[in-house]
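>
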Amino acid sequence: MSNYAEEYGQSVSDPESFWLDKAQALSWFKFPQQILSQDENGIDRWFADGELNTAYLALDYHVEQGRGDQTAVLYDSPVTGTKRAISYRELTSQVATLAGGLKKLGVNKGDRVLIYMPMVPEAAVAMLACARIGAIHSVVFGGFAAHELAVRIDDAQPKVVLSASCGIEMDKIIEYKPLLDKAIEVAQCPPQHCVILQREQCQASLLQGRDYDWHKLVSISEPVACTPVKATDPLYILYTSGTTGTPKGIVRDNGGHAVAMKYSMSAIYDIQPGEVFWAASDVGWVVGHSYIVYAPLISGCTTVLYEGKPVRTPDAGAFWRVISEYAVKAIFSAPTAFRAIKKEDPQAELARQYDLSSLEVIYLAGERLDPPTYHWLQETFQVPVVDHWWQTETGWAIAANMMGVEPKPTKPGSATFPVPGYHVQILDDTGHPVAAGVQGNIVLKRPMPPGCLPTVWRNFDRFQAGYLADFPGFYLSGDGGYLDEEGYLFVMGRTDDVMNVAGHRFSTGQIEEVVASHSGVAECAVIGIHNDLKGQVPIALVLLKDGETIDEDTLQQEMVAMVRRDIGAVVCLHQVYQVKRLPKTRSGKILRKVIRKIAAGESYTTPSTIDDPESLREIETLFQAKGLLQQSA
Ligand code: COA
Ligand code: AMP
605 MSNYAEEYGQ SVSDPESFWL DKAQALSWFK FPQQILSQDE NGIDRWFADG ELNTAYLALD
665 YHVEQGRGDQ TAVLYDSPVT GTKRAISYRE LTSQVATLAG GLKKLGVNKG DRVLIYMPMV
725 PEAAVAMLAC ARIGAIHSVV FGGFAAHELA VRIDDAQPKV VLSASCGIEM DKIIEYKPLL
785 DKAIEVAQCP PQHCVILQRE QCQASLLQGR DYDWHKLVSI SEPVACTPVK ATDPLYILYT
845 SGTTGTPKGI VRDNGGHAVA MKYSMSAIYD IQPGEVFWAA SDVGWVVGHS YIVYAPLISG
905 CTTVLYEGKP VRTPDAGAFW RVISEYAVKA IFSAPTAFRA IKKEDPQAEL ARQYDLSSLE
965 VIYLAGERLD PPTYHWLQET FQVPVVDHWW QTETGWAIAA NMMGVEPKPT KPGSATFPVP
1025 GYHVQILDDT GHPVAAGVQG NIVLKRPMPP GCLPTVWRNF DRFQAGYLAD FPGFYLSGDG
1085 GYLDEEGYLF VMGRTDDVMN VAGHRFSTGQ IEEVVASHSG VAECAVIGIH NDLKGQVPIA
1145 LVLLKDGETI DEDTLQQEMV AMVRRDIGAV VCLHQVYQVK RLPKTRSGKI LRKVIRKIAA
1205 GESYTTPSTI DDPESLREIE TLFQAKGLLQ QSA
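Letter by letter, the sequence shown follows residues 605 to 1237 in the working numbering.
Here's what the structure looks like:
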């Protein structure tokens, strides 16, 4: 094991030789000569002239190296009562054949394929099949409704959609096909074909000529070989919420991503080939992309793909059962999941029923790890609890305790130190570095390490404006926080209109669009407020049109239903409050940041541009009356 300070120092003082060395751990078709260069937009690109195939690295390579019989994927589905172990050889064959099926449907290198699937192994097969032929996948989380799906279809313009007849949420069957059909109906750029995995819980009706049955397609397809792609060719697009209602397509390239996945698996997570790693997330989120599918497989590990919840499938011992059953070495999930377990089993009595001796580390990300959950985990399980911070944009952790390099003592509330490759700084709003302990904007000095986004799909201007323009030479993370005197990073929350519900990221603008579409609404503001279980939940402050009278309960029911219908149940709109006016600047901009601060119990200064200072006091009185004011930390 090396030393963190040396490893980090080299990564920022000489990034090219640092990443050249890490790139050597992969089996490239053509090893890159150009390590760091700039593209036509002046954006740093890694390994530009290298050639590889990500599915080859994740599958065929391991079969060639003698890992064919090792389990690649452990599928565990308490909601269907199914368990399945899939070897590297079997997975390679499934992927190669589905890739052949996609080719049959006319999918070629560079074409997009949208994947809208529940947590079944076929979701991973679908992603890898795209990677195998150089097609670009875009996975859409199964909890999103038809409208959100349509928006992504129109932006990615996929040739084919891969989906399933249903997902299963606890004991509810969620039929996917009607949602997909509706999305295609409203989309401007519909796909040519859909391939549907029929699950025994629900049979979807297929549209002759457009839709194919997954198994039938595979049965008439031949396996195809891996297509070499350039390191800078996109592997996938993953849509995430920005500050507006329109999601942005984060682009991930093949080469930088593969290097980052391989490096992080050993350096951050200390997981070696053959060991069992479990990211209890969903393939629809970045954690699922990176640590259910790509990193464990590229590293020759066994990954657990779990179709269930931390609680009620069937109880709060579900995570511990899986860990003991498969000798999981490290689990990675969101703090919300553990808060849910702690709520139902505060003494962790269910955990004591299982042999957890294989478990060496618990990793958390997706939202701030609150100190009570941190302490509960550490005291109950007596293993290191590692909070690490990252974003869809980076694809892997920006700050972490590097368990495979040099584990450091942790501090509750801190994601520990910047990961090698990430030059983290804290700047004030005018772009000046702040002193240790002072909160500011968390930024990353460019170049960012391999794996981070090079652009937003078909929208370089949005990439430039949203991430690079505010502080020249830096990437703006959108999170605020501070570095303490010892260099520990504390991430305190978003500084923009992005919120985090149960580890899922949403834009308040996206929810506002739906709320504002209600016929009685003149104006609205959505903000995230603290929630003990989910971290944050959205509330809507609504100003009705003149003359409208709708009682608050009816309005609430209608809006919750609209948000569920248009975005998805997972948003969990919590409360709707009617207000007489919204705090605004004289130019008409709603002062959401100030409203957020009031709800968080933080001090705020009344902006000099405010139109009517009394409106802020009204909000404060409302929050007080409704018990929404959080105690300041
Ligand atoms: N497809 C369809 N619907 C989905 C869905 C999916 N993939 N995921 C969630 N939903 C629905 C749920 O069924 C629920 O609907 P309901 O209101 O009709 O019951 C709603 O969205 C909210 O779901 P969820 O956020 O899961 O809340 P919950 O109260 O059912 O469960 C937790 C609470 C804490 C158990 C759950 O939020 C959880 O497991 N969180 C961890 C999240 C996580 O792992 N994030 C990964 C980031 S690394
Ligand atoms: P996503 O892109 O969905 O992964 O969400 C990224 C956002 O989640 C970040 O910008 C943070 O606001 C939040 N986040 C992720 N991990 C952490 C963490 N360990 N601590 C605090 N916030 C986090």
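Every residue, glycine too, gets a C-beta built ideally from N, C-alpha and C.
1) Would you identify the three-state DSSP class for Leu-1233, choosing helix, strand or coil?
2) So, are the CB atoms of Leu-640 and Lys-947 less than 9 Å apart?
3) Quick check on the DSSP output: the beta strand (DSSP E) that includes Gly-801 runs from which residue to which?
4) Could you tell me the distance, in whole angstroms, from the CA atom of Asp-1074 to the CA atom of Gly-1035?
5) Examine the ligand AMP and report whether any of its heavy atoms sits within less than 8 Å of the Cβ of Leu-1048.
6) Buried or exposed: where does Cys-793 fall if 16 or more other Cβ atoms within 10 Å of its Cβ makes it buried?
7) Throw me the rounded Cβ distance for the Val-906 and Ala-676 pair, which I believe falls under 8 Å.
8) Let me check understanding here. Comparing Cα to Cα, which of Pro-918, Leu-901, Lys-1201 lies closest to Lys-728?
9) Considering Met-1052, what are the terminal residues of the alpha helix (DSSP H) in which it resides?
10) Three-state secondary structure (DSSP) at Pro-1013?
11) If I measure Cβ to Cβ from Lys-834 and keep anything under 8 Å in the same chain, skipping five residues before and after, which residues do I get?
12) Taking the alpha carbon of Asn-1045 as the point to measure from, which residue in Thr-836, Glu-1010, Gly-1097 has its own alpha carbon closest?
13) Which one of Arg-649, Asn-645, Glu-644 has the shortest CA to CA distance from Gln-637?
14) How big is the Cα-Cα spacing for Leu-663 and Tyr-910?
15) Compare the Cα-Cα distances from Ser-1191 to each of Thr-1209, Thr-1213, Gln-982 and report the closest residue.
16) Alpha carbon to alpha carbon, how far is Trp-882 from Ser-1236? Give it in angstroms, no decimals.
17) So, at 8 Å on beta carbons, what are the nonlocal neighbours of Val-717 in its own chain, with the 5 sequence-adjacent residues on each side left out?
18) How far does the alpha helix (DSSP H) with Gly-771 in it extend, from its first residue to its last?
19) Answer yes or no: the CB of Trp-993 versus the heavy atoms of the ligand AMP, is any distance below 8 Å?
20) Using the Cβ count rule (16 or more neighbours within 10 Å means buried), how would you classify Pro-1037?
21) Could you check where the beta strand (DSSP E) with Met-1096 kicks off and where it finishes?
22) At the level of alpha carbons, what is the spacing between Lys-1015 and Pro-975?
23) Tell me whether the segment 868-877 and the segment 772-786 touch, counting them as touching only if at least three CB pairs, one residue from each stretch, are closer than 8 Å.
24) Rounded to whole angstroms, what's the CA-CA distance from Ile-772 to Phe-1078? Just pull it up for me.
25) On a Cα-Cα basis, can you pick out the residue from Leu-702, Ile-935, Leu-1145, Trp-889 that is closest to Phe-745?
26) Can you tell me the Cα-Cα spacing of Asp-1216 and Ile-1131, whole angstroms?
27) How many Å lie between Leu-732 and Glu-1089 at the Cα?
28) If you measure between the beta carbons of Ser-606 and Val-932, is that distance less than 9 Å?
29) Classify Val-1042 as buried or exposed, calling it buried when 16 or more other Cβ atoms lie within 10 Å of its own Cβ.
30) Could you work out which residue in Asp-1150, Asn-1135, Ala-629, Arg-1169 is closest to Ile-1115 when comparing CA atoms only?
31) Rounded to the nearest angstrom, what separates Met-869 and Gly-912 at their Cα positions?
32) Go through its chain and collect everything with a Cβ distance to Asp-844's Cβ below 7 Å, but skip five positions before and after it.
33) How about Val-887 and Met-1007: are their beta carbons less than 9 Å apart?
34) Assign Arg-814 to one of three DSSP states: helix, strand, or coil.
35) List the residues that DSSP assigns as beta-bridge partners of Phe-1021.
36) Between the segment 1057-1066 and the segment 1023-1031, do at least 3 Cβ pairs fall closer than 8 Å?
The short version:
1) Leu-1233 falls in the coil class under three-state DSSP.
2) No, Cβ-Cβ distance for Leu-640 and Lys-947 is not below 9 Å.
3) Contrary to the premise, residue 801 reads as Leu rather than Gly in this sequence. Note, Leu-801: beta strand (DSSP E), 797-801.
4) Taking the straight line from one Cα to the other gives about 8 Å.
5) Checking every heavy atom of the ligand AMP against the Cβ of Leu-1048, none is found closer than 8 Å.
6) Classification of Cys-793: exposed, given that the 10 Å Cβ count is below 16.
7) Strictly speaking, residue 906 in this sequence is Thr, with Val absent from that position. Correct: roughly 7 Å between the Cβ atoms.
8) Checking the sequence shown, residue 728 turns out to be Ala, not Lys. Ranking Pro-918, Leu-901, Lys-1201 by Cα distance to Ala-728 puts Leu-901 first.
9) Met-1052 -> no alpha helix (DSSP H), and no H or E assigned at all.
10) In the three-state reduction of the DSSP assignment, Pro-1013 falls in the coil class.
11) These residues qualify, in order along the chain: Ala-652, Asp-653, Gly-654, Glu-655, Asn-858, Gly-859.
12) Nearest option by C-alpha distance: Gly-1097.
13) The shortest C-alpha separation from Gln-637 is found at Arg-649.
14) Put simply, the backbone Cα of Leu-663 is about 20 Å away from that of Tyr-910.
15) The shortest Cα separation from Ser-1191 among Thr-1209, Thr-1213, Gln-982 belongs to Thr-1213.
16) Note that Ser-1236 has pLDDT 49, beneath the 50 cutoff, so the model's placement of it is unreliable and the number below is only indicative. Taking the straight line joining both Cα atoms gives about 35 Å.
17) Its chain contains Leu-706, Val-711, Ala-730, Cys-734, Ala-739, Ile-740, His-741, Ser-742, Pro-762, Lys-763, Val-764, Val-765, Leu-766 as the residues whose beta carbon lies nearer than 8 Å to that of Val-717, once the 5 sequence neighbours on both sides are disregarded; these appear in chain order.
18) Per DSSP, Gly-771 belongs to no alpha helix (DSSP H); it is in the beta strand (DSSP E), 770-773.
19) Yes, the ligand AMP has a heavy atom inside 8 Å of this Cβ.
20) Counting every other CB atom within 10 Å of its CB across the protein chains shown gives Pro-1037 a total below 16, marking it as exposed.
21) Annotation for Met-1096: the continuous beta strand (DSSP E) segment containing it runs 1093-1098.
22) A direct Cα-to-Cα measurement between Lys-1015 and Pro-975 gives close to 9 Å.
23) Counting Cβ pairs under 8 Å, fewer than three are found: no touch.
24) When rounded, the separation of the alpha-carbon atoms in Ile-772 and Phe-1078 is 42 Å.
25) Taking each of Leu-702, Ile-935, Leu-1145, Trp-889 in turn and checking the Cα distance to Phe-745, the smallest one comes out for Trp-889.
26) Going from the Cα of Asp-1216 to the Cα of Ile-1131 covers about 20 Å.
27) Taking C-alpha positions only, Leu-732 is separated from Glu-1089 by approximately 44 Å.
28) Not in contact: Ser-606 and Val-932 (Cβ atoms no closer than 9 Å).
29) Flag for Val-1042 reads exposed.
30) Nearest to Ile-1115 by alpha-carbon distance, out of Asp-1150, Asn-1135, Ala-629, Arg-1169, is Arg-1169.
31) Rounded to the nearest whole angstrom, the C-alpha separation of Met-869 and Gly-912 is 24 Å.
32) The sequence given here places Thr at residue 844; Asp does not occur at that position. Answer for Thr-844: Pro-851, Lys-852, Ile-854, Thr-996, Arg-1109, listed in chain order.
33) No; because the gap between Cβ atoms is not below 9 Å, this pair is not in contact.
34) Three-state result, Arg-814: coil.
35) Beta-bridge pairing links Phe-1021 to Ala-1004.
36) Counting Cβ pairs under 8 Å, fewer than three are found: no touch.
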